[in-house]
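Chemist: Below is a structure I'd like to ask you about.
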Amino acid sequence: MTNKFPKDFLWGASTSAYQVEGAWNEDNKGPSVQDVKEIPAGTTDFKVATDHYHRYEEDVKLFKELGLKAYRFSISWSRVMPDGVVNPEGIQFYKNLIQLLLDNQIQPVVTVFHFDLPVYIAEQGGWEKRETIQAFADYCQVLFEHFGQKVPLWQTINEQNVMALAGSIIGTSNKTMKEKFQENHHMLVAQALVTKQFHEGNYIGKIGPAPNIASVYAASDKPDDQIAALYMSALRNWLFLDVAVFGKYNHNAWHLLEKIGAAPQVTEEDRQTLAAGSCDYIAFNYYNTMTVSSYFEKDQRIDQQSGFGIPGFFQTVENKHLPMTEFGWPIDPEGFRFTLNEIYSRYRLPLLVTENGIGAKDQLIDGKVHDQYRIDYLEQHIQQMERAIEDGVEVLGYCPWSAIDLISTHEGIAKRYGFIYVNRTDDELLDLARYKKDSFYWYQNVIEKNGLDKR
Ligand code: BG6
Numbered sequence: 002m003t004n005k006f007p008k009d010f011l012w013g014a015s016t017s018a019y020q021v022e023g024a025w026n027e028d029n030k031g032p033s034v035q036d037v038k039e040i041p042a043g044t045t046d047f048k049v050a051t052d053h054y055h056r057y058e059e060d061v062k063l064f065k066e067l068g069l070k071a072y073r074f075s076i077s078w079s080r081v082m083p084d085g086v087v088n089p090e091g092i093q094f095y096k097n098l099i100q101l102l103l104d105n106q107i108q109p110v111v112t113v114f115h116f117d118l119p120v121y122i123a124e125q126g127g128w129e130k131r132e133t134i135q136a137f138a139d140y141c142q143v144l145f146e147h148f149g150q151k152v153p154l155w156q157t158i159n160e161q162n163v164m165a166l167a168g169s170i171i172g173t174s175n176k177t178m179k180e181k182f183q184e185n186h187h188m189l190v191a192q193a194l195v196t197k198q199f200h201e202g203n204y205i206g207k208i209g210p211a212p213n214i215a216s217v218y219a220a221s222d223k224p225d226d227q228i229a230a231l232y233m234s235a236l237r238n239w240l241f242l243d244v245a246v247f248g249k250y251n252h253n254a255w256h257l258l259e260k261i262g263a264a265p266q267v268t269e270e271d272r273q274t275l276a277a278g279s280c281d282y283i284a285f286n287y288y289n290t291m292t293v294s295s296y297f298e299k300d301q302r303i304d305q306q307s308g309f310g311i312p313g314f315f316q317t318v319e320n321k322h323l324p325m326t327e328f329g330w331p332i333d334p335e336g337f338r339f340t341l342n343e344i345y346s347r348y349r350l351p352l353l354v355t356e357n358g359i360g361a362k363d364q365l366i367d368g369k370v371h372d373q374y375r376i377d378y379l380e381q382h383i384q385q386m387e388r389a390i391e392d393g394v395e396v397l398g399y400c401p402w403s404a405i406d407l408i409s410t411h412e413g414i415a416k417r418y419g420f421i422y423v424n425r426t427d428d429e430l431l432d433l434a435r436y437k438k439d440s441f442y443w444y445q446n447v448i449e450k451n452g453l454d455k456r
């Protein structure tokens, strides 16, 4: 059997600024909402993270050794514009990083906003205020002007759907549905505005959104459960992609928002902005599918992958066919193939996988990390991605989460994802030294062979 990956397939890996950089208040960086949020007991803050800011040269060297063709990272808004004015030291850091990646033949793949709103913007009302749309556009313009000739792939906003639906968990928002979906609307307008801005500039790259997309299964063949799946998918997935691609709200999602009293106010100018800001490709993060039934009342664990319910519409339920990670997230590689197909059938745009991976309590023993579970997880997902490519889906690249260990959104450093282990715990910084895990060598071989070894 021959390999189905195109010759120029972007084998990559991902991180985000606040989870990996540290140096939270150095070189004139301002605080972001992530630096000041209350952190869950037993986990850690993001102030040092895994110290990438000081060690990026060593890290890029390791990325090169790993063989990465692409490195997807985010830029910290509050490092670049700590108080609305450009911080030259912030620009310099990303300039150095981008140049170093290019010198090592690694494509920089940049997300402009990944959960880390500057505190001064949050204090002025954050995304609830329309003014934030322009502040975001100004920030993006600064990035485009500095890096628009160097970066081939841009993403606007990471997991906007997670911010809207599970913001209280990841520390971005804790408001009513009505408030959240007004904020969300402003983000959608901001995204369309910067997409248009990008298209009007003379830049080399392409731009797209980066939501967390998960196909939604109905819990049974009961018609009610099928309708529940339709609505969950509309609210969680298609709302975000329909606006990014078609410039319009998804009709089911809009109906649901109206029914629960959470439909945002949309002006005529907003409508025009949304219509003028279609994306070039779709980046998305995939961890697992969701399964829903029609609504019944029950207490639910809520996080970005566990889901939630909307009275009268749907409720997430456990899928008994899927194994779980040790952190309770289902593992569904076939669901990855299904999700890739579903997105591509709806939008017919090239896809870039910007996150996929397994969080685990890795153990460093004698300088080694035997993370066979990570190899198994990634191998199964790559197999299914290859099948999706055979199905006819256009996939530009695959950037698993994460290139190097970083701090999880709400479960500390104990929940690790990287190919490279960083020696610290939630309580102690230790020496922050880097160690190559078994998965590092395995992924290195995948990249070298442009796919999996065929058995
Ligand atoms: C995504 C985010 O939700 O999933 C990342 O874009 C995050 O920032 C990743 O780290 C894994 O989630 P968690 O909660 O395990 O860190």
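To convert, take the position in the sequence shown, counting from 1, and add 1; that gives our numbering.
Just so it is clear, CB atoms sit at the ideal spot from N, CA and C, and this is done for glycine as well.
Would you say the beta carbon of K450 is closer than 7 Å to some non-hydrogen atom of the ligand BG6?
Modeler: The answer is no for K450.
Chemist: Tell me N203's beta-bridge partners as DSSP assigns them.
Modeler: Paired residues: none, contrary to the question.
Chemist: Excluding sequence positions up to five away, which residues of its chain have a Cβ less than 7 Å from the Cβ of R388?
Modeler: So the list reads R338, once near-sequence residues are dropped.
Chemist: With 16 other CB atoms within 10 Å as the buried threshold, where does H252 fall?
Modeler: Classification for H252: exposed.
Chemist: Could you give the C-beta distance for T340 and A215, rounded to a whole number, given that I count them as a contact under 8 Å?
Modeler: Indeed they touch by this definition, with Cβ atoms about 6 Å apart.
Chemist: Roughly how many whole angstroms lie between the Cα atoms of D439 and H371?
Modeler: In a straight line, the C-alpha of D439 is about 5 Å away from that of H371.
Chemist: Looking only at DSSP bridge pairs, what is E124 linked to?
Modeler: Note: E124 sits in no beta bridge, so no partner.
Chemist: For the alpha helix (DSSP H) containing S15, name the first residue and the last one.
Modeler: Per DSSP, S15 belongs to no alpha helix (DSSP H); it is in the beta strand (DSSP E), 11 to 15.
Chemist: Does the beta-carbon distance from I158 to M188 come in below 8 Å?
Modeler: Yes; because the gap between Cβ atoms is below 8 Å, this pair is in contact.
Chemist: Thinking C-alpha only, which one of P312, R272, D226 is nearest L257?
Modeler: Among P312, R272, D226, the Cα nearest to that of L257 belongs to P312.
Chemist: Under DSSP, the alpha helix (DSSP H) around W239 begins and ends at which residues?
Modeler: Counting along the chain, W239 falls outside any alpha helix (DSSP H), and DSSP gives it neither H nor E.
Chemist: Suppose only complete runs of 4+ residues qualify. What are the alpha helix (DSSP H) ranges in the region 30 to 82, listed by chain order?
Modeler: Counting only runs of 4 or more, we get 34 to 37, 53 to 67, 78 to 81.
Chemist: If you compare alpha carbons, which of Q108, Q161, E146, N357 is closest to W128?
Modeler: Comparing Cα positions, the closest option is Q161.
Chemist: Considering only DSSP beta bridges, list what F478 is partnered with.
Modeler: Nothing about residue 478 can be reported from this structure: the residues present for the chain run from 2 to 456 only.
Chemist: Ends of the alpha helix (DSSP H) at S440?
Modeler: Note, S440: alpha helix (DSSP H), 439 to 450.
Chemist: Quick check on this structure: which residue in Q385, N286, D333, E391 has the alpha carbon closest to the alpha carbon of V354?
Modeler: Here the closest residue by C-alpha is N286.
Chemist: The alpha helix (DSSP H) that contains N159, what's its start and end?
Modeler: Element bounds for N159: not the alpha helix (DSSP H) but the beta strand (DSSP E), 154 to 159.
Chemist: Pull up the distance between the alpha-carbon of Y444 and that of S15, whole angstroms please.
Modeler: Cα to Cα, Y444 sits roughly 14 Å from S15.
Chemist: If you draw a straight line from the C-alpha of K30 to the C-alpha of A138, how long is it?
Modeler: The straight-line gap from Cα to Cα measures roughly 19 Å.
Chemist: If you pair each beta-carbon of the region 401 to 411 with each one of the region 344 to 358, do three or more pairs fall below 8 Å?
Modeler: The region 401 to 411 vs the region 344 to 358: in contact.
Chemist: When the Cα atoms are used, what is the spatial distance from V195 to G278?
Modeler: C-alpha separation (whole angstroms): 8 Å.
Chemist: Tell me the DSSP bridge mates of T292?
Modeler: For T292, which the question treats as bridged, DSSP gives the partners Y218.
Chemist: I'd like to know if the region 16 to 30 and the region 380 to 395 are in contact, where contact means that at least 3 CB-CB pairs between them fall below 8 Å.
Modeler: Output reads no: the region 380 to 395 does not touch the region 16 to 30.
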